[in-house]
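K.L.:
One structure, pasted below without further comment.
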Amino acid sequence: MTEIVFEGRPVPFEPGQSIGAALTAAGIRSWRTTRFGGRPRGLFCGIGVCFDCLITVNGRPSLRACMVEARPGDVVEGGGPDA
């Protein structure tokens, strides 16, 4: 099985799966917070229309988790309120 690393934790994924799908399948439902109120956010639309699922992948910030295909060894960080 292949894995990405989310905030230091290994997360398995299936080939072709998005990072958002892999995180959700691993039980991780939120990985950023809203700018005002600090409310948790994760996948919402799942098709790249909204920006609730922003993450940083291999140092590249502000990527939509639902649109980025998971690759072995990707280092993923949750997006902060300004992701």
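Yeah, the sequence shown ends on 83 if you go by full-length UniProt numbering, and it's all consecutive. For every residue, glycine included, the Cβ atom is placed at its ideal position computed from N, Cα and C.
Got a sec, what are the start and stop residues for the alpha helix (DSSP H) T24 sits in?
P.N.:
Here the question's residue 24 lines up with position 24 in the sequence shown. Looking at the DSSP string, the run of the alpha helix (DSSP H) that includes T24 is 19-25.
K.L.:
Alpha carbon to alpha carbon, how far is I4 from E69?
P.N.:
In the sequence shown, residue 4 corresponds to position 4, counting from 1. In the sequence shown, residue 69 corresponds to position 69, counting from 1. Computed Cα separation, rounded: 11 angstroms.
K.L.:
Below 8 angstroms on the Cβ atoms is my guess for W31 versus G78; work out the distance and round it to an integer in Å.
P.N.:
Start at 1 with the first residue of the sequence shown, and residue 31 comes out as number 31. Start at 1 with the first residue of the sequence shown, and residue 78 comes out as number 78. Indeed they touch by this definition, with Cβ atoms about 3 angstroms apart.
K.L.:
For S62, does the count of other Cβ atoms within 10 angstroms reach 16, so buried, or fall short, so exposed?
P.N.:
Translated into positions along the sequence shown, residue 62 becomes position 62. So S62 ends up on the exposed side.
K.L.:
In three-state terms, what does DSSP make of G78?
P.N.:
To locate residue 78, count along the sequence shown from 1; it is residue 78. Reduced to three states, the DSSP call for G78 is strand.
K.L.:
Measuring straight from C-alpha to C-alpha, what distance separates I19 and G37?
P.N.:
Taking the first residue of the sequence shown as 1, we reach residue 19 at position 19. Taking the first residue of the sequence shown as 1, we reach residue 37 at position 37. Rounded to the nearest angstrom, the two C-alpha atoms are 25 angstroms apart.
K.L.:
In angstroms, rounded to a whole number, what distance separates the CA positions of M67 and R39?
P.N.:
By one-based count along the sequence shown, residue 67 stands at place 67. By one-based count along the sequence shown, residue 39 stands at place 39. Computed Cα separation, rounded: 22 angstroms.
K.L.:
For a test of the three-state rule: what should DSSP assign to P10, helix, strand or coil?
P.N.:
Reading the sequence shown from its first residue, position 10 is the one you call residue 10. It is a strand residue.
K.L.:
Compare the Cα-Cα distances from T24 to each of R71, T33, P12 and report the closest residue.
P.N.:
The residue you call residue 24 lines up with position 24 of the sequence shown. Answer by Cα proximity: P12.
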